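Asks: Take a look at the following structure, please.
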């Protein structure tokens, strides 16, 4: 029988990974206390698990979010998916991809010809929206408007999955959707935001036709860098006139958003 090497709880694990423990929130180089992990790490695990569970059931602080978004000068519309409550949303992902009929009519009344619609969706972590969305949207709006792009009303979507953006973009008449959504929380992060970009959104668009920038948060991709990356990706999408897997196969060089190919009427040239 092999012997277990015991490490005191206060002693860091003597492994090559120990040098990286201070550089990541991932659970590496935890060490051992007898045959178990140290008590402090076990308690942290339980705390992070509780935070992840809480994030799934959290609610967006809409009043605070609206207060930060209104100075941007864009109309703001609130819509809902067909999930009737949070429990229904968690149990029925398909309902989170479908617009409620009343919300579809609300968007249809505001439809037009827009280059971009920014969608703020609670997803599986409203915590991520509460912490990151306002500052990210403000930076993103400034970059997109500086590029000469027309922006649809900002859409706040309740109980939304990523694909709900397809119905929103199609109904509003937007060429590109940028869906900022709370990502599924994990044991290392419960506050991570994802940005999904889709060209020519229509209901039934496959996931392979989207591009994603993930892990947007304080300890992941910082908000200023994320806004820059999203705007640059939008520039590539507009120039290539496609998104998703095909964008990676396209030979067009990445260009700055200021060089996006748009027409005077918001259509492709």
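In the numbering used here, the protein residues as written are 30 to 298.
By construction, the Cβ of each residue, glycine as well, lies at the ideal position given by its N, Cα and C atoms.
Model, not experiment: these values are computed from the prediction.
(1) For residue 222 and residue 211, I'd like the C-alpha separation in whole angstroms.
(2) What does a CB cutoff of less than 8 Å around residue 239 pick up in its chain, not counting 5 residues either side in sequence?
(3) CB residue 80 to CB residue 219, shorter than 8 Å?
(4) Going by the C-beta, is residue 152 closer than 7 Å to any heavy atom of the ligand NAP?
(5) Give me the Cα-Cα distance between residue 205 and residue 260, rounded to the nearest whole angstrom.
(6) So, using beta-carbon positions, are residue 258 and residue 165 closer together than 8 Å?
(7) Closest to residue 213 by CA distance: which of 157, 198 and 248 is it?
(8) According to DSSP, simplified to helix, strand and coil, what is residue 197?
(9) My guess is that residue 128 and residue 181 are in contact by the Cβ rule of under 8 Å, so how many angstroms apart are they, rounded?
(10) Taking the alpha carbon of residue 153 as the reference point, which residue from 125, 63, 203 and 232 has its own alpha carbon closest?
(11) In the DSSP assignment, find the unbroken beta strand (DSSP E) run with residue 243 in it and report its ends.
(12) Where do the N-terminal and C-terminal ends of the alpha helix (DSSP H) with residue 156 fall, by residue?
(13) According to DSSP, which residues form a beta bridge with residue 225?
(14) Which residues in the same chain as residue 86 place their Cβ atom closer than 7 Å to its Cβ, once the five residues preceding and following it in sequence are excluded?
(15) Quick one: Cα of residue 136 to Cα of residue 70, how far?
Replies: So, to answer that:
(1) As a first step, residue 222 is located in the chain shown; it is residue number 193 there, counting from the start. As a first step, residue 211 is located in the chain shown; it is residue number 182 there, counting from the start. Residue 222 and residue 211: Cα-Cα distance of roughly 5 Å.
(2) Here the question's residue 239 lines up with position 210 in the chain shown. By the criterion of a C-beta distance shorter than 8 Å, residue 239 is surrounded in its chain by 191, 225, 226, 227, 272 and 273, once the five residues flanking it on both sides are discounted.
(3) Translated into positions along the chain shown, residue 80 becomes position 51. Translated into positions along the chain shown, residue 219 becomes position 190. Closer than 8 Å, so yes.
(4) No copy of the ligand NAP appears in this structure; indeed no ligand is present at all.
(5) In the chain shown, residue 205 corresponds to position 176, counting from 1. In the chain shown, residue 260 corresponds to position 231, counting from 1. C-alpha separation (whole angstroms): 12 Å.
(6) Counted from its first residue, the chain shown places residue 258 at position 229. Counted from its first residue, the chain shown places residue 165 at position 136. Taking 8 Å as the cut-off, the Cβ atoms of residue 258 and residue 165 do not count as close.
(7) As a working mapping, residue 213 is identified with position 184 in the chain shown. Selected option, being the one with the closest Cα: 157.
(8) Stepping through the chain shown from its first residue, residue 197 is reached at position 168. Correct three-state label for residue 197: helix.
(9) Within the chain shown, residue 128 is the residue found at index 99, counting from 1. Within the chain shown, residue 181 is the residue found at index 152, counting from 1. For a cut-off of 8 Å, the C-beta gap from residue 128 to residue 181 is around 15 Å, too long to register as a contact.
(10) Here the question's residue 153 lines up with position 124 in the chain shown. With distances taken between Cα atoms, residue 153 lies closest to 125.
(11) The count along the chain shown starts at 1 and reaches residue 243 at position 214. Counted as a single uninterrupted DSSP element, the beta strand (DSSP E) harbouring residue 243 occupies residues 239-245.
(12) Taking the first residue of the chain shown as 1, we reach residue 156 at position 127. Taken as a continuous stretch (DSSP letters only), the alpha helix (DSSP H) holding residue 156 covers 155-175.
(13) One-based indexing of the chain shown puts residue 225 at position 196. In the DSSP output, where bridge partners are listed per residue, residue 225 has 208 and 241.
(14) Looking up residue 86 in the chain shown gives position 57. In its chain, beyond the 5 residues on either side, 115 have a beta carbon closer than 7 Å to the beta carbon of residue 86.
(15) In the chain shown, residue 136 corresponds to position 107, counting from 1. In the chain shown, residue 70 corresponds to position 41, counting from 1. Taking the straight line joining both Cα atoms gives about 48 Å.
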